[in-house]
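Take the sequence shown: its letters are residues 19 to 296, numbered as in this note's numbering.
Glycine is no exception: its CB is placed at the ideal position from the N, C-alpha and C atoms.
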Amino acid sequence: MMINETYRLSNGVTIPKIGFGTWQINDGPDAYHAVKTAIEVGYRHIDTAQGYGNEASVGRAVRDSGVPREEIFITSKLESHIKNYDDAMNAFYETLKRLEMDYIDLFIIHAPWPWSEMGKDCREGNVEAYRALEQIYQEGKARAIGVSNFDVDDLKNILNHNTIVPHVNQIGYFIGLDQSKTIDFCRKENIFIEAYSPLGIGFLLENEIVQEVAKSYQKSPAQICIRYLLEKGVLPLPKSVHKHRMIENAEVDFSLSQEDIKILDAIKGDPRRWEDIN
Ligand code: A2P
């Protein structure tokens with residue numbers, strides 16, 4: 019099954035090809051049950067964030083799953099407003115405490131700017147915060163480090179002023195959203211791409227072209243969206259609180275033809291909807 023397969027990051031760390039996204043799953047029973055169920059059905063890669071507020075439930079679900087900690091890949095993210103070394107360091111150790119873990123698999127800067135001030139120039143702050151991540155990595159507390167929502171200029175800033183090339187850039191990426199500039203740059207620099215909102219937070223499932231392609235493969239639209247990203251060599255992070263959908267999203271052991279990939283490539287997203295979620 020695809021969730022048992024792995025990609026390899028530039029530092030040799032392996033990462034399960036599909037991650038379970040936990041954005042917008044409330045802390046407490048919701049996040050606990052969702053993550054526990056995801057692990058039960060086979061997911062071995064869980065994506066959380068300080069900003070999601072659900073790290074404690076994620077940690078508890080992982081512990082209670084009975085699956086050894088080292089068999090599950092855990093990602094969390096530094097809150098977007100933290101842009102200095104000390105606060106980044108402290109926040110990271112708070113994450114470990116909430117997760118009740120002594121290391122994390124991947125820790126990334128959530129965004130190049132605070133969500134409340136999107137677009138703000140935080141170049142210096144990103145270099146400082148990333149220095150903390152480098153220290154955490156060197157201490158072996160994170161097996162890989164990286165960034166999220168960084169565009170080419172944001173990445174160049176890190177490459178110019180820090181030492182460790184980010185192992186990962188997690189970006190919003192799905193059929194219809196053109197991320198080619200960022201992806202091309204990341205490929206060149208050996209920065210691995212993870213895709214959040216692989217279903218366009220759900221609205222792509224209503225797209226007629228996606229539905230038609232799905233029919234021709236006897237798959238669901240969600241499976242087409244997820245398979246499309248795997249065909250691009252990136253790592254999708256689908257989110258669902260429903261067990262049958264978690265299973266469906268993981269059953270993507272099929273290939274899309276080059277022709278169908280082209281058809282899907284030609285879909286133009288509705289930028290208003292993307293702005294709504296970003
Ligand atoms: P739910 O959690 O109620 O299942 P994305 O991963 O792009 O952010 O999309 C997540 C949204 O898509 C959520 O609203 C989720 O709802 C829904 N979703 C996830 N998987 C499926 C699926 N296989 N079929 C239909 N909707 C899905």
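For residue i, the three-state DSSP class (helix, strand or coil)
i	result
Lys206	helix
Gln188	strand
Leu274	coil
Phe168	coil
Lys16	No statement about residue 16 is possible, as the shown extent of the chain runs from 19 to 296 and does not include it.
Ala129	coil
Gly69	helix
Leu27	coil
Pro239	helix
Glu55	Note on identity: in this sequence residue 55 is Thr, with Glu being the wrong assignment. Here Thr55 sits in helix by DSSP.
Asp104	helix
Gly143	helix
Ile64	strand
Asp123	strand
Glu118	coil
Pro216	coil
Pro86	coil
Ile279	helix
Gly39	strand
Ala49	helix
Thr32	strand
Leu195	coil
Inter-residue CB distance, residue i and residue j (contact presumed, cutoff 8 Å)
i	j	result
Ala160	Ile127	With 8 Å as the limit, Ala160 and Ile127 do not qualify as a contact, their Cβ atoms being about 12 Å apart.
Asn29	His185	6 Å
Phe192	Leu173	Not a contact, Cβ separation roughly 21 Å.
Lys35	Leu253	6 Å
Ala109	Glu97	6 Å
His249	Leu217	The question names His, but residue 249 is Glu in the sequence shown. Going by Cβ atoms, the distance from Glu249 to Leu217 rounds to 16 Å, so no, they are not a contact pair.
Ile43	His63	15 Å between Cβ atoms; not a contact.
Glu212	Gly60	19 Å between Cβ atoms; not a contact.
Tyr235	Ile279	At roughly 12 Å, the Cβ-Cβ gap does not stay under 8 Å, so Tyr235 and Ile279 are not in contact.
Tyr214	Gly39	6 Å
Lys95	Ser166	6 Å
His99	Pro130	About 12 Å; that fails the 8 Å criterion.
Ala106	Ala162	Ala106 to Ala162, Cβ: 16 Å. No contact.
When the options are compared against residue i, the one with the closest alpha-carbon
i	options	result
Lys101	Gly287, Asn225, Pro239 and Asp139	Asp139
Asp202	Pro86, Asn187 and Lys233	Asn187
Asp104	Ser83, Ser234, Ser258 and Glu152	Glu152
Ala56	Lys233, Ser234, Glu212 and Phe91	Phe91
Leu27	Arg87, Glu207, Trp131 and Tyr148	Glu207
Asp48	Ser134, Val259 and Gln197	Val259
Tyr148	Thr200, Val183 and Ile285	Val183
Gln68	Gln276, Leu124, Gly158 and Val85	Leu124
Lys115	Met136, Arg87, Gly77 and Trp131	Gly77
Phe168	Ala150, Ala162, Gly158 and Thr200	Thr200
Thr93	Ser238, Asp283, Asp65 and Gly46	Asp65
Ile2	Leu282, Pro256 and Glu157	Past the boundaries of the shown model lies residue 2; the chain is included only from 19 to 296, so the question cannot be answered.
Ile281	Gly158, Ala162 and Asn225	Asn225
Asp45	Val170, Ser83, Ala79 and Glu58	Ala79
Pro86	Ala106, Met107, Glu58 and Tyr111	Glu58
Met20	Glu157, Arg81, Thr113 and Gly251	Gly251
Gly220	Gly164, Gly137, Gly287 and Arg81	Gly287
Gly164	Phe210, Gln197 and Val170	Phe210
Gln197	Met136, Trp41 and Asp283	Asp283
**Message:** Taking contact to mean 3 or more Cβ pairs, one atom from each stretch, closer than 8 Å, check whether the segment 68-86 and the segment 260-278 are in contact.
**Reply:** no
**Prompt:** Any residues whose CB sits closer than 7 Å to a heavy atom of the ligand A2P? List them in chain order?
**Reply:** Gly39, Trp41, Phe192, Tyr214, Ser215, Pro216, Leu217, Gly218, Ile219, Gly220, Leu223, Ser238, Ala240, Leu255, Pro256, Lys257, Ser258, Val259, His260, Arg263, Glu266 and Asn267
**Prompt:** So, do the segment 141-150 and the segment 163-181 have three or more beta carbon pairs nearer to each other than 8 Å?
**Reply:** Taking 8 Å as the limit for Cβ pairs, the verdict is that the segment 163-181 does touch the segment 141-150.
**Asked** If we count Cβ pairs, one from each stretch, closer than 8 Å, do we get three or more for the segment 226-235 versus the segment 52-68?
**Response** No, the segment 226-235 does not touch the segment 52-68.
**Prompt:** Any contact of the segment 239-249 with the segment 270-280, i.e. 3+ C-beta pairs under 8 Å?
**Reply:** yes
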